[in-house]
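S.K.: One structure is given below, represented as structure tokens, and several questions about it will come after.
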Amino acid sequence: MLITSKKIIKEHNFIRMILKAGLFSVFFSCCAIPAKSQTTVLKTGKGYIRGTLENKILVFKGIPYAKDPSGALRFKAPQPADQWADTLSCEKFGNIAAQYSGTGNGTTGDENCLSLNIYTPSTKFKLPVVVWVHGGAMTSGAGKGKDGHAFSDQDSIVTVSINYRLGVFGFLYMGDQQAAYQRSGNNGLLDCMMALKWIKENIGAFGGDPAKVTVMGESAGAKLVSTLLVAPEAKDYFHQLILESGAVQCIRDSTTAKNIRQRLLDTLGLKNPSELLSLSTSQLIEAQNKVCSGAQGTNYFGPVQDGKVITTDPYLYLKAHPNRDIKLLIGTNSAESKMFLDADKRLFHPDDRVLKDWFGSNFRFLKSADRKALALPDHLSYETNLFTQYMYQMHSYRLAKVLVANRTPVWVYRFDYSRDHSGANHGVELEYVWFSGNHPSFNTEEVTLAKQIHQAWVNFIRGKNPGEINASQWALYTNETRSIQVFDRVSHPETVKKVFDDRSYPSSGFVLN
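Adding 28 to a residue's 1-based position in the sequence shown gives its number in the working numbering.
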């Protein structure tokens with residue numbers, strides 16, 4: 029429902045008419061809109077909000093989907109936002125979650141961060157919806173880090189990006205301390221679920237179809253999104269998932285979560301876990317940064333198998349609860365670990381100390397890893413293949429294996445492209461997925477590749493097969509055929525001859541016991 033001045037109503041209805049006629053871009057290329065009329069008001073379940081017109085797309089920023097999780101709600105599960113009386117300005121991004129600044133200046137962001145952003149080409153039609161969950165080791169990042177115009181403007185997809193609590197505020201396990209904090213180790217996941225609940229209840233007002241919601245994440249975002257599969261309360265909040273370089277390896281057992289908490293206590297010189305609850309934002313974030321100690325702390329924070337939100341081992345849960353009503357797009361990059369090798373040179377000659385820093389008690393599995401099985405691809409170093417498998421690829425293929433055994437439709441990809449043929453680093457596929465028609469640093473073959481990948485993601489979000497690429501249909505993954513789509517200079521389907529899996533390695537990527 030729209031409500032604003034009569035002038036704005038007339039102008040917005042005219043915009044709708046233009047959209048329906050398919051003449052939106054033609055109209056706005058010839059006619060500028062007065063600055064004072066570039067706002068629009070919509071009604072949500074909690075009250076009216078005011079957004080803006082950007083690049084001919086309606087954009088609403090910083091919409092609160094939950095109450096401020098500070099004060100009495102600190103370290104507790106999110107609560108639905110209160111009603112508001114006046115029209116709420118949603119013309120600027122909300123606070124990013126409290127996190128380390130990365131510049132040596134301590135903390136940035138705010139504990140009051142639970143908001144989302146919506147980009148929509150029309151409020152009239154029931155369009156597919158994609159929800160972006162950002163990465164950043166679950167200790168950094170923000171929803172605004174990706175521009176929703178990439179899917180909204182040219183593809184008529186309602187695009188939502190969310191903020192969720194990070195690090196100690198999102199994943200500090202206190203379930204063994206007080207009943208009020210039994211689910212604290214999963215607050216970041218619960219935030220994501222609260223945002224999806226809000227989207228289900230309100231997205232229709234923004235032109236989105238609540239029955240066509242795809243949740244997409246990369247790295248830590250993909251890991252967090254994957255846990256929706258094993259959180260029973262999340263079952264009805266999504267229909268498709270896109271997992272780029274991440275799966276359920278982020279789920280920590282409660283012992284590991286308590287041991288990470290102990291590292292915080294030791295860093296702060298404290299004895300009682302309850303003392304953490306009253307520390308300032310900056311005290312907690314700075315201690316967290318010391319515990320994580322750079323890139324090696326990538327897996328220190330994340331969801332917890334707490335018996336409440338996540339009840340059991342993720343693979344056991346998935347085997348016991350098949351879901352054939354959802355679809356997934358899962359993939360990794362060929363040389364994921366290059367980023368981490370560059371960040372921590374010790375990984376080039378890993379001893380017990382560095383392996384324990386990165387993998388905790390799991391270090392012994394990497395020490396005894398099968399060098400022969402990790403010799404491919406042969407143009408990459410053994411260390412690159414070793415860490416790429418144990419950090420990412422092994423876990424993504426494990427998840428695909430369990431899902432397709434349950435007859436859940438899954439498409440699998442691998443991103444191989446790099447200019448110098450050195451393998452695709454972690455996260456480099458993002459600028460291709462979020463390609464919006466122009467990228468100043470892309471060469472001709474990269475533009476072609478970006479168009480292929482972006483269109484494949486668009487097709488999937490629309491509920492279709494990801495697409496036909498170079499006259500080859502992207503086949504569903506099965507445990508028998510192991511057919512994947514490879515994105516490279518010449519993209520092509522490939523049958524994976526052998527999937528690496530260290531069967532002794534637990535479901536969790538990081539364990540402390």
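The beta-carbon is built from N, C-alpha and C at its ideal position, and this holds for glycine as well.
1. Can you tell me whether DSSP reads M45 as helix, strand or coil?
2. When you compare only the Cα positions, how much space is there between L504 and V438?
3. Among residues of its own chain, excluding the 5 on either side of G134, which ones have a beta-carbon nearer than 8 Å to its beta-carbon?
4. If you draw a straight line from the alpha carbon of S98 to that of L293, how long is it in whole angstroms?
5. So H547 is in the beta strand (DSSP E); what residue range does that whole segment cover?
6. Below 7 Å CB to CB, which residues in the same chain sit around I358 once its five sequence neighbours on both sides are set aside?
7. Tell me, please, which residues DSSP counts as bridged to L81.
8. Just curious, the alpha helix (DSSP H) that Y343 is in, first and last residue?
9. DSSP state of P108, grouped into three classes?
10. Rounded to a whole number of angstroms, what is the C-alpha to C-alpha distance between S511 and E246?
11. Using C-beta distances below 7 Å, list every residue in its chain close to G171, excluding the 5 sequence neighbours before and after it, in chain order.
12. Measure the alpha-carbon distance for R490 versus T436 and round it to whole angstroms.
13. Ignore the nearest five residues each way along the sequence and tell me which others in D204's own chain have a CB closer than 6 Å to its CB.
14. Span of the alpha helix (DSSP H) holding G198?
15. Check whether the Cβ atoms of N541 and S389 sit closer than 8 Å, and answer yes or no.
16. With distances taken between CB atoms, is the gap from G75 to Q277 smaller than 8 Å?
17. According to DSSP, simplified to helix, strand and coil, what is T67?
18. Is it buried or exposed, F234, if we count other Cβ atoms within 10 angstroms and call 16 or more buried?
19. Helix, strand or coil, according to DSSP, for N145 in the structure here?
20. Is the Cβ-Cβ distance between T412 and G455 less than 8 Å?
21. By the three-class DSSP mapping on this structure, what secondary structure does N434 have?
22. For K526, count the other beta carbons within 10 Å of its own beta carbon; 16 or more makes it buried, fewer makes it exposed. Which is it?
23. Taking DSSP as the reference, what is the three-state secondary structure of F415?
24. Counting only runs of 3+ residues fully inside the segment 433-481, write out the beta strand (DSSP E) ranges in chain order.
25. Helix, strand or coil, according to DSSP, for K286 in the structure here?
26. Spatial neighbours of L431 within its chain, please: C-beta separation below 6 Å, excluding the five flanking residues on both sides.
27. Inspect the beta-carbon positions of I85 and C118 and report whether they are closer than 8 Å.
28. Buried or exposed for E364, please, with buried defined as at least 16 other CB atoms from any protein chain shown within 10 angstroms of its CB.
29. In the DSSP output, what is N361 paired with across the bridge?
30. Across the segment 326-334 and the segment 282-293, are there enough close Cβ pairs to call them in contact, namely three or more that are closer than 8 Å?
31. Give every residue of the same chain whose Cβ lies closer than 6 Å to the Cβ of V243, excluding the five residues on either side of it in the sequence, and list them in chain order.
32. Quick check: what's the CA-CA separation for D370 versus D530?
33. Helix, strand or coil for A125? Go by DSSP, reduced to three states.
34. From which residue to which residue does the beta strand (DSSP E) around L271 run?
35. Looking only at its own chain, which residues have a Cβ that is under 6 Å from the Cβ of A165, when we skip the five neighbours before and after it?
36. In the structure shown, what three-state DSSP assignment does A259 receive?
M.R.: In short:
1. Taking the first residue of the sequence shown as 1, we reach residue 45 at position 17. Model confidence at M45 stands at a pLDDT of 40, short of 50, so the residue's coordinates are unreliable; what they give is reported in the following sentence. Helix.
2. Taking the sequence shown and counting its residues from 1, the one referred to as residue 504 is at position 476. Taking the sequence shown and counting its residues from 1, the one referred to as residue 438 is at position 410. Cα to Cα, L504 sits roughly 6 Å from V438.
3. Here residue 134 corresponds to residue number 106 of the sequence shown, with the count starting at 1. Y128, S310, I313, E314, listed in sequence order.
4. Counting from one through the sequence shown, the residue named residue 98 turns up at place 70. Counting from one through the sequence shown, the residue named residue 293 turns up at place 265. Using only the alpha carbons, I get a separation of about 21 Å.
5. What the structure shows of the chain is the stretch from 29 to 541, and residue 547 is not part of that stretch, so it cannot be assessed.
6. In the sequence shown, residue 358 corresponds to position 330, counting from 1. Only L271, S424, L427, A428, V438, V440 meet the Cβ criterion.
7. By one-based count along the sequence shown, residue 81 stands at place 53. Answer is L86, bridged to L81.
8. Start at 1 with the first residue of the sequence shown, and residue 343 comes out as number 315. First-last of the alpha helix (DSSP H) with Y343: 342-348.
9. Taking the first residue of the sequence shown as position 1, residue 108 is located at position 80. Three-state result, P108: strand.
10. Here residue 511 refers to the residue found at position 483 of the sequence shown. Here residue 246 refers to the residue found at position 218 of the sequence shown. Taking the straight line from one Cα to the other gives about 22 Å.
11. Residue numbering aside, residue 171 sits at position 143 when the sequence shown is read from its first letter. Only L144, N145, W160, H162, S189, I190, N191 meet the Cβ criterion.
12. Within the sequence shown, residue 490 is the residue found at index 462, counting from 1. Within the sequence shown, residue 436 is the residue found at index 408, counting from 1. So the alpha carbons of these two residues sit roughly 18 Å apart.
13. As a working note, residue 204 is residue 176 in the sequence shown. Around D204: no qualifying Cβ.
14. Working through the sequence shown from its first residue, we reach residue 198 at position 170. Where G198 is concerned, the enclosing alpha helix (DSSP H) stretches over 195-199.
15. By one-based count along the sequence shown, residue 541 stands at place 513. By one-based count along the sequence shown, residue 389 stands at place 361. It is a contact, given that the beta carbons lie within the stated cut-off.
16. Against the sequence shown, residue 75 aligns to sequence position 47. Against the sequence shown, residue 277 aligns to sequence position 249. Contact: no.
17. For the purposes of this step, residue 67 is taken as residue 39 along the sequence shown, with counting starting at 1. T67 falls in the strand class under three-state DSSP.
18. Locating residue 234 in the sequence shown gives position 206, where the first residue counts as 1. When all chains shown are included, F234 counts as buried.
19. The residue you call residue 145 lines up with position 117 of the sequence shown. It is a strand residue.
20. Position 384 of the sequence shown, counted from the first residue, corresponds to residue 412. Position 427 of the sequence shown, counted from the first residue, corresponds to residue 455. Cβ distance not < 8 Å, so T412 and G455 don't count as in contact.
21. Taking the first residue of the sequence shown as 1, we reach residue 434 at position 406. Here N434 sits in coil by DSSP.
22. The residue labelled residue 526 in the question sits at position 498 within the sequence shown. By the neighbour-count rule (16 or more Cβ atoms within 10 Å), K526 is not buried but exposed.
23. For this step, residue 415 is matched to residue 387 along the sequence shown. Reduced to three states, the DSSP call for F415 is helix.
24. 438-443
25. Counting from one through the sequence shown, the residue named residue 286 turns up at place 258. Helix.
26. By 1-based counting over the sequence shown, the position of residue 431 is 403. Excluding positions up to five away in sequence, the list reads V438.
27. The residue given as residue 85 occupies position 57 in the sequence shown. The residue given as residue 118 occupies position 90 in the sequence shown. Not in contact: I85 and C118 (Cβ atoms no closer than 8 Å).
28. Numbered from 1 along the sequence shown, position 336 holds the residue referred to as residue 364. With 16 or more other Cβ atoms within 10 Å, it is buried.
29. As a position in the sequence shown, residue 361 is number 333, starting the count at 1. DSSP output for N361 lists F443 as bridge partner(s).
30. yes
31. As a position in the sequence shown, residue 243 is number 215, starting the count at 1. Excluding positions up to five away in sequence, the list reads V159, V253, F266, L269.
32. One-based indexing of the sequence shown puts residue 370 at position 342. One-based indexing of the sequence shown puts residue 530 at position 502. Their Cα atoms are separated by approximately 25 Å.
33. For the purposes of this step, residue 125 is identified with residue 97 of the sequence shown, where counting begins at 1. Here A125 sits in strand by DSSP.
34. By one-based count along the sequence shown, residue 271 stands at place 243. It spans 268-272 - the beta strand (DSSP E) in which L271 sits, taken as one unbroken run.
35. To locate residue 165, count along the sequence shown from 1; it is residue 137. Counting only Cβ-Cβ distances below 6 Å, and skipping sequence neighbours, we find A248, T326.
36. Stepping through the sequence shown from its first residue, residue 259 is reached at position 231. Residue state, collapsed to three classes: coil.
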